[in-house]
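All the letters of the sequence shown, read from the start, carry residue numbers 1163 to 1205 under the working numbering.
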Amino acid sequence: MTDNARARKLADRIQVVVAETLDRRIKDPRLGFVTITDARVTG
């Protein structure tokens, strides 16, 4: 597996975790429908 493919998989997983965290744990009424559209991993 190339480093680029690994970084993409990691970014995809981070995107899912952040979206789920915002949806389930953040109870701020000002946040309605929040969509995480991209995550980038550099390094």
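Heads up, the beta-carbon is just placed ideally off N, CA and C, and yes, glycines get one too.
Item                                                                                                               : Value
What is the residue span of the alpha helix (DSSP H) that T1183 lies within?                                       : 1165-1187
Less than 8 Å between the beta carbons of V1203 and L1184, yes or no?                                              : no
Whole angstroms is fine: what's the gap from K1171's alpha carbon to G1205's?                                      : 14 Å
Using the Cα positions of R1187 and N1166, report the straight-line distance between them to the nearest angstrom. : 31 Å
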